[in-house]
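Protein sequence lines, in the order shown, are assigned to chains A and B. Residues in the first sequence are numbered from 302 upward in steps of one, following the numbering used here. Residues in the second sequence are numbered from 3 upward in steps of one, following the numbering used here. Idealized CB from N, CA, C, for every residue including glycine. One structure below.
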Amino acid sequence: MLKKFLTLIIVAVGLGLLGIRGGLSLHQATSVTIFSASILGTLFFWSFRLTFAFFGTSILLITKTIDLDNIIKFASLEVILFLVGMMVLVGLLKDAGFFAWLVSLILRIPNLTARKFIIFISCISALLACAVDEVTSIIFIVAAIFEICDYFEVDPTPFLIISVLATNIGSSGTVLGNPIGILIATKSGLTFEDFISKAFPLMLVCLTVLISVVLQWYKKTIAHLQRQMDELGANDILVKLISVPPEKELRMGLVIFGATLFFIALHHRLELLLGLEPNTILLIVPLLSSGSVMAWKWRKAREFIEKDVEWWTLLFFMLLFAQAGTLKYTGATDVLARGLVSLAGNSLAVLIGIVLWISSIGSSVLDNVVLVAAFIPVIQGFQSLNINLQPLWWALLFGGCFGGNITLVGSTANIVALGILEKERNIHITFFRWFWIGMTIGLLTTCIVWLALVFVPLYH
Amino acid sequence: MKVKEIMTTEVTTLSPEMSAQEALGVLQKMEISGLPVLDAGGKLVGMFTEKEILGSILPSYIDKVGRFVYEENPKSTKKKFSELANLKVSDLMRKTVVVTGEDTTLCEVARMMLTQKIRRIVVVDKAGTVAGLVSRGDVLRAFTRESES
Numbered sequence: 302m303l304k305k306f307l308t309l310i311i312v313a314v315g316l317g318l319l320g321i322r323g324g325l326s327l328h329q330a331t332s333v334t335i336f337s338a339s340i341l342g343t344l345f346f347w348s349f350r351l352t353f354a355f356f357g358t359s360i361l362l363i364t365k366t367i368d369l370d371n372i373i374k375f376a377s378l379e380v381i382l383f384l385v386g387m388m389v390l391v392g393l394l395k396d397a398g399f400f401a402w403l404v405s406l407i408l409r410i411p412n413l414t415a416r417k418f419i420i421f422i423s424c425i426s427a428l429l430a431c432a433v434d435e436v437t438s439i440i441f442i443v444a445a446i447f448e449i450c451d452y453f454e455v456d457p458t459p460f461l462i463i464s465v466l467a468t469n470i471g472s473s474g475t476v477l478g479n480p481i482g483i484l485i486a487t488k489s490g491l492t493f494e495d496f497i498s499k500a501f502p503l504m505l506v507c508l509t510v511l512i513s514v515v516l517q518w519y520k521k522t523i524a525h526l527q528r529q530m531d532e533l534g535a536n537d538i539l540v541k542l543i544s545v546p547p548e549k550e551l552r553m554g555l556v557i558f559g560a561t562l563f564f565i566a567l568h569h570r571l572e573l574l575l576g577l578e579p580n581t582i583l584l585i586v587p588l589l590s591s592g593s594v595m596a597w598k599w600r601k602a603r604e605f606i607e608k609d610v611e612w613w614t615l616l617f618f619m620l621l622f623a624q625a626g627t628l629k630y631t632g633a634t635d636v637l638a639r640g641l642v643s644l645a646g647n648s649l650a651v652l653i654g655i656v657l658w659i660s661s662i663g664s665s666v667l668d669n670v671v672l673v674a675a676f677i678p679v680i681q682g683f684q685s686l687n688i689n690l691q692p693l694w695w696a697l698l699f700g701g702c703f704g705g706n707i708t709l710v711g712s713t714a715n716i717v718a719l720g721i722l723e724k725e726r727n728i729h730i731t732f733f734r735w736f737w738i739g740m741t742i743g744l745l746t747t748c749i750v751w752l753a754l755v756f757v758p759l760y761h
Numbered sequence: 003m004k005v006k007e008i009m010t011t012e013v014t015t016l017s018p019e020m021s022a023q024e025a026l027g028v029l030q031k032m033e034i035s036g037l038p039v040l041d042a043g044g045k046l047v048g049m050f051t052e053k054e055i056l057g058s059i060l061p062s063y064i065d066k067v068g069r070f071v072y073e074e075n076p077k078s079t080k081k082k083f084s085e086l087a088n089l090k091v092s093d094l095m096r097k098t099v100v101v102t103g104e105d106t107t108l109c110e111v112a113r114m115m116l117t118q119k120i121r122r123i124v125v126v127d128k129a130g131t132v133a134g135l136v137s138r139g140d141v142l143r144a145f146t147r148e149s150e151s
């Protein structure tokens with residue numbers, strides 16, 4: 302513990318001192334030191350990450366590295382409110398039985414075969430991650446996988462790994478899939494339609510690659526599952542294992558959720574029609590939906606806000622965004638941006654590669670929100686150098702999402718799914734059991750994205 | 003009235019090394035829903051209750067999935083129940099135990115039970131050794147006696 306803490310201090314202060322030697326001002330170096338300490342804090346002391354964020358932000362204010370007005374501005378309240386609204390909505394859907402209903406649908410797949418099962422769980426994992434967030438979706442997919450694997454008496458681990466890989470890929474498809482999606486959308490001005498027309502198709506290509514690879518990779522596992530399916534017969538018990546009464550509440554929940562998705566999808570057109578600032582509708586739709594939920598279920602309104610909203614995480618995000626904003630405020634990220642452009646030799650293709658691979662490899666060990674929050678001001682810094690930012694935003698999104706597949710601690714979805722596996726089946730996955738398939742998929746999909754961003758004009 | 007006047011002093015305890023199945027047998031035999039767990043030195047290390055057993059048999063994610071109805075019994079529950087023989091009491095017991103002193107008042111014990119949502123509280127003496135067990139029923143019976151006197 303002490304060793305890790307000392308490493309954190311030495312690295313963070315060292316980076317600041319190195320920055321001063323490299324020409325950074327004292328305020329720029331302070332912002333680099335504090336942000337590095339927060340990043341290392343999340344890496345070494347995950348449970349204390351909010352403590353680091355509180356201390357770090359206080360130091361930035363005391364040292365006058367940033368003022369109060371700007372720290373509030375950079376805290377990105379709009380992103381936080383969007384996430385609060387979506388979390389309340391997901392709370393309602395859970396309460397209404399929507400996710401259990403999805404699980405029951407998976408359990409009722411007609412004429413189930415092993416290959417069909419792999420394709421189905423991959424697709425539904427990716428699509429559900431697109432519609433709600435990846436952490437919420439993985440819980441329900443894992444629940445369905447466990448029930449099916451229990452029924453056919455097979456090890457659920459390979460199927461769980463496949464579903465997590467698909468979830469991380471799927472989370473890049475829309476602004477809703479991952480907190481970095483909405484963060485990038487608000488900072489870049491990219492709309493939901495941009496995500497649907499550009500990120501979603503590329504996500505589908507990567508999902509297809511994933512399915513093709515895992516069908517080969519887990520050939521023996523699939524053959525074993527098929528033998529068990531042939532032996533144990535149709536999944537009669539699974540079909541009627543759980544039920545969700547189609548009550549008014551579930552229907553109403555589906556209507557609210559559908560309307561939310563509909564208006565989020567149309568936000569850009571509505572903003573143009575009503576003459577509103579970019580992303581205004583995108584940000585208020587979850588608030589209107591969750592407001593409706595709280596008006597309808599007013600007795601449970603407090604419960605939705607207190608239990609379904611992850612305040613711990615959101616508070617951490619706010620302070621992290623403020624600290625990353627300080628890097629921009631002091632101009633430290635502009636210095637870094639100029640350095641990266643010079644490293645890339647003014648080549649956009651190389652710059653896309655740098656952003657993509659740093660965010661991908663970085664996300665395999667760090668929380669992708671931390672990484673993306675740090676990278677956003679750097680990419681904004683490229684603007685003054687007359688560089689086309691659009692492919693860089695996509696590189697950041699895909700790198701941040703796909704990098705999570707490389708290691709077993711790469712994303713929250715991985716940690717949640719493996720935690721359930723350990724608790725439920727007492728199965729501990731070794732680092733390398735995950736790493737070989739995770740790295741293969743991570744590298745393949747990142748390469749596909751790199752090629753697409755460099756050669757397909759749609760992304761420019 | 004104080005806790006020491008109403009608590010059960012003859013407390014059956016469980017060992018952390020005992021198998022969970024064996025411990026369940028003790029609970030069923032005594033028709034009680036939970037018992038304290040003491041280590042070899044007599045130190046209170048946990049509480050083993052029916053709730054912990056049910057929690058280990060049903061999937062841990064059921065509360066996260068939301069509202070649904072089990073129309074059939076999943077295969078996993080039967081398997082997990084049979085695996086209780088391979089689990090120790092220490093694997094399932096609740097490690098954070100709410101305790102109180104012998105001189106605690108009736109109302110304070112009732113308050114602890116309500117606010118911390120617990121059925122019974124372990125009473126310890128000044129040395130920290132288990133001196134008794136007080137249940138919701140004991141508290142209510144004491145209140146009844148007090149109101150009648």
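Inset, instruction - Give every residue of the same chain whose Cβ lies closer than 8 Å to the Cβ of A:PRO546, excluding the five residues on either side of it in the sequence, and list them in chain order. - result: GLY398
Inset, instruction - Could you please give the first and the last residue of the uninterrupted beta strand (DSSP E) stretch that includes B:ILE123? - result: 122-126
Inset, instruction - Compare the C-beta of B:PHE70 with all C-beta atoms of chain A and state if any pair is closer than 8 Å. - result: Yes - at least one Cβ of chain A is within 8 Å of the one on B:PHE70.
Inset, instruction - Taking A:TRP402 as the reference, give the member of A:MET388, A:PHE441, A:LEU325, A:GLY490 with the closest Cα. - result: A:PHE441
Inset, instruction - Out of A:THR358, A:ASP451, A:ILE655, point me to the one whose CA is closest to A:ILE373's CA. - result: Cα-wise, what sits closest to A:ILE373 is A:THR358.
Inset, instruction - Would you please verify whether the beta carbon of A:PHE732 is less than 8 Å from any beta carbon of chain B? - result: no
Legend entry - Extent of the continuous alpha helix (DSSP H) to which B:THR79 belongs: 77-84
Inset, instruction - May I have the straight-line CA-CA distance separating A:GLY762 from A:LEU644, to the nearest angstrom? - result: The displayed coordinates of chain A run from 302 to 761. Any statement about residue 762 of chain A would go beyond what the structure contains.
Inset, instruction - Return the CA-CA distance between B:THR51 and B:VAL99, expressed in angstroms with no decimal places. - result: 12 Å
Inset, instruction - Go through its chain and collect everything with a Cβ distance to A:ALA444's Cβ below 6 Å, but skip five positions before and after it. - result: VAL404
Inset, instruction - Determine the burial state of A:PHE622: buried for a count of at least 16 other Cβ atoms within 10 Å of its Cβ, exposed for fewer. - result: buried
Inset, instruction - Anything in the segment 394-411 of chain A with a Cβ closer than 9 Å to a Cβ of chain B? List those residues in chain order, please. - result: LEU394, LYS395, ASP396, ALA397, GLY398, PHE399, PHE400, ALA401, TRP402, VAL404, SER405
Inset, instruction - Could you tell me whether the Cβ of A:ALA444 comes closer than 8 Å to any Cβ of chain B? - result: yes
Legend entry - Beta-carbon contacts of A:GLU435 that lie in its chain and below 8 Å, excluding the five residues immediately before and after: THR468, ASN469, GLY471, SER472, GLY478, ASN479, SER712, THR713, ALA714
Legend entry - C-beta contact flag for B:VAL28 and B:THR106 at 8 Å: no
Inset, instruction - Quick one: which residues of the segment 720-745 of chain A get their C-beta closer than 7 Å to a C-beta of chain B? List them in chain order. - result: ILE721, LYS724, GLU725
Legend entry - C-beta atoms of A:THR627 and A:THR343 nearer than 8 Å: For A:THR627 and A:THR343, no; Cβs fall outside 8 Å.
Legend entry - Per-residue burial, B:GLY134 [other beta carbons within 10 Å of its own, 16 or more giving buried]: buried
Inset, instruction - Measure the Cβ-Cβ separation of A:LEU616 and A:LEU341 and say whether it is below 8 Å. - result: Here A:LEU616 is not near A:LEU341, since their CB atoms are 8 Å or more apart.
Legend entry - Segments assigned alpha helix (DSSP H), at least 4 residues, entirely inside the segment 475-516 of chain A: 480-489
Inset, instruction - May I have the straight-line CA-CA distance separating A:MET595 from A:PHE605, to the nearest angstrom? - result: Each residue's alpha carbon lies about 8 Å from the other.
Inset, instruction - Identify each residue in the segment 46-76 of chain B for which the Cβ-Cβ distance to at least one residue of chain A is less than 7 Å, and report them in chain order. - result: PRO61, SER62, TYR63, LYS66, VAL67, GLY68, ARG69, PHE70, VAL71, TYR72, GLU73, GLU74, PRO76
Legend entry - Whole runs of the beta strand (DSSP E) within the segment 14-52 of chain B, excluding any shorter than 3 residues: 36-40, 46-51
Inset, instruction - Round the Cβ separation of A:SER426 and A:SER464 to the nearest angstrom and send it over; I've been treating them as touching at under 8 Å. - result: 4 Å
Inset, instruction - Using a Cβ-Cβ cut-off of less than 7 Å, list which residues of the segment 76-104 of chain B approach chain A; keep chain order. - result: PRO76, LYS77, SER78
Inset, instruction - Measure from the C-beta of A:VAL666 to each C-beta in chain B and report whether the shortest distance is under 8 Å. - result: Closer than 8 Å: no.
Inset, instruction - Identify whether B:GLY134 lies in helix, strand or coil by the three-state DSSP scheme. - result: strand
Legend entry - 9 Å Cβ cut-off: residues of chain C touching A:ILE440: Annotation note: the requested chain C is absent from the structure, which comprises protein chains A and B.
Legend entry - A:SER416 to A:CYS424 span [Cα, whole Å]: According to the sequence provided, residue 416 of chain A is Arg. The question's Ser does not apply to it. If I take the Cα positions, the gap works out to 12 Å.
Legend entry - chain B within 8 Å of A:TYR760, Cβ atoms only: Not an interface residue.
Inset, instruction - Run down chain B in chain order and give the residues with a C-beta less than 9 Å from the C-beta of A:SER544. - result: PHE70, VAL71, TYR72, GLU73
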